[in-house]
Amino acid sequence: SDSLARTMPAAAAMPGGEASTFVDIAKKFCLTGAASMLAEGATFPIDITKTRLQLQGQADFTGSRMGFGAMFANIAKTEGVAGLYAGVTPAVARHIPYTGFRAIGYEYIRAFFCGDKPKDQAPLLAKMAAGMTAGGIGQAIAVPCDLIKVRMQGDGRLVAAGKLDKPRYTGLFDAFTKIKAAEGMGGFYMGCTPAIQRAALVNLGELTTYDSAKKAIVVYTGDNLLCHLCSAICSGFV
Numbered sequence: 001s002d003s004l005a006r007t008m009p010a011a012a013a014m015p016g017g018e019a020s021t022f023v024d025i026a027k028k029f030c031l032t033g034a035a036s037m038l039a040e041g042a043t044f045p046i047d048i049t050k051t052r053l054q055l056q057g058q059a060d061f062t063g064s065r066m067g068f069g070a071m072f073a074n075i076a077k078t079e080g081v082a083g084l085y086a087g088v089t090p091a092v093a094r095h096i097p098y099t100g101f102r103a104i105g106y107e108y109i110r111a112f113f114c115g116d117k118p119k120d121q122a123p124l125l126a127k128m129a130a131g132m133t134a135g136g137i138g139q140a141i142a143v144p145c146d147l148i149k150v151r152m153q154g155d156g157r158l159v160a161a162g163k164l165d166k167p168r169y170t171g172l173f174d175a176f177t178k179i180k181a182a183e184g185m186g187g188f189y190m191g192c193t194p195a196i197q198r199a200a201l202v203n204l205g206e207l208t209t210y211d212s213a214k215k216a217i218v219v220y221t222g223d224n225l226l227c228h229l230c231s232a233i234c235s236g237f238v
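In this text, residue positions in the sequence shown follow UniProt numbering: the first is 1, and each later residue adds one.
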């Protein structure tokens, strides 16, 4: 893990770790956020298709139910390529606080639970607790972007069904302005409880698995790109 000492006054080193500078932390925050934003952008058409499939369960849904391939093709046909990226801006923006915090927060929260133990001797329960905490807090910060993303993803279906003349929001900032004016700050946190619970459980699995897999793999590969890639693949299956 990193450490905390040169640029931050009287910064305390992480238990069992080295000291990270503020620049190191900022760099890691930006890089993890940027990597997740690129991944989100590349896979977003899959995400919007998933959301539309879920919306088929709504009471006002009419028409025959579609599978993944049919839904993907229908969005592309009726709404164009732009329809496959409706809501991509808030989805990408969400990763700045969410992924940035959970990646960095996990290490420091894990260190807190570990006490004086080195990071490579962190007990499983400490990793699990750190994953849940970091994921839950990160999602709590990112909930407004999540809500806007889902609304923008759903609007295309409503327009295609003739229930809306046009999407309610033109973009992230337009959505923030309109939701705040119409619903107040509470409007941004509708459905936040299950979202936070889900993120806590997802990160319990993902971050704990990544950390544990890396500890096992690094013995054979060294701490390099291959090690991180294999660890990430393992965590992705959880």
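Yeah, the Cβ is synthetic: ideal placement off N, Cα and C, and Gly gets one too.
Just tell me which of 23, 177 and 100 has its CA closest to the CA of residue 32.
For this step, residue 32 is matched to residue 32 along the sequence shown. Nearest option by C-alpha distance: 100.
Please determine if the segment 103-120 and the segment 62-80 are in contact, where contact requires at least 3 C-beta pairs separated by less than 8 Å.
no
Segment limits, alpha helix (DSSP H) that includes residue 45:
Numbered from its first residue, the sequence shown carries residue 45 at position 45. Where residue 45 is concerned, the enclosing alpha helix (DSSP H) stretches over 22-55.
Go ahead and pull the three-state DSSP assignment for residue 222.
Here residue 222 is taken as the residue at index 222 of the sequence shown, counted from 1. Coil.
From which residue to which residue does the alpha helix (DSSP H) around residue 140 run?
Your numbering for residue 140 matches position 140 in the sequence shown. Counting along the chain, the alpha helix (DSSP H) containing residue 140 begins and ends at 124-160.
Please say whether residue 200 and residue 135 have beta carbons closer to each other than 8 Å?
For this step, residue 135 is matched to residue 135 along the sequence shown. For this step, residue 200 is matched to residue 200 along the sequence shown. Yes. Within cutoff.
If I'm right that residue 88 touches residue 41 with Cβ under 8 Å, what's the distance once you round it to whole angstroms?
Working through the sequence shown from its first residue, we reach residue 88 at position 88. Working through the sequence shown from its first residue, we reach residue 41 at position 41. Rounded, the Cβ-Cβ distance is 6 Å, consistent with contact.
Residue 127 and residue 110: beta carbons closer than 8 Å?
By one-based count along the sequence shown, residue 127 stands at place 127. By one-based count along the sequence shown, residue 110 stands at place 110. A contact, by the Cβ cut-off of 8 Å.
Assigned exposure category for residue 229 - 16 Cβ within 10 Å defines buried
By one-based count along the sequence shown, residue 229 stands at place 229. So residue 229 ends up on the exposed side.
Please classify residue 196 as buried or exposed, where buried requires at least 16 other C-beta atoms within 10 Å of its C-beta.
In the sequence shown, the residue the question calls residue 196 occupies position 196. Residue 196 should be labelled buried.
Just how far apart, CA to CA, sit residue 235 and residue 184?
As a first step, residue 235 must be located in the sequence shown, where it is residue number 235. As a first step, residue 184 must be located in the sequence shown, where it is residue number 184. So the alpha carbons of these two residues sit roughly 38 Å apart.
Hey, residue 173 and residue 143: beta-carbon distance below 8 Å or not?
Residue mapping note: residue 173 aligns to position 173 of the sequence shown, counting from 1. Residue mapping note: residue 143 aligns to position 143 of the sequence shown, counting from 1. No, the pair does not count as a contact, with Cβ atoms beyond the cut-off.
Please return the same chain residues whose Cβ sits closer than 7 Å to the Cβ of residue 171, not counting the five positions on each side in sequence.
By one-based count along the sequence shown, residue 171 stands at place 171. 89, listed in sequence order.
Check whether the Cβ atoms of residue 83 and residue 73 lie closer than 8 Å to each other.
Taking the first residue of the sequence shown as position 1, residue 83 is located at position 83. Taking the first residue of the sequence shown as position 1, residue 73 is located at position 73. No, the pair does not count as a contact, with Cβ atoms beyond the cut-off.
Quick check on the DSSP output: the alpha helix (DSSP H) that includes residue 94 runs from which residue to which?
Locating residue 94 in the sequence shown gives position 94, where the first residue counts as 1. 88-114 is the span of the alpha helix (DSSP H), which, as asked, contains residue 94.
One question on the structure: do residue 78 and residue 160 come within less than 8 Å of each other, judged by their Cβ atoms?
Start at 1 with the first residue of the sequence shown, and residue 78 comes out as number 78. Start at 1 with the first residue of the sequence shown, and residue 160 comes out as number 160. Yes, these two residues count as a Cβ contact at 8 Å.
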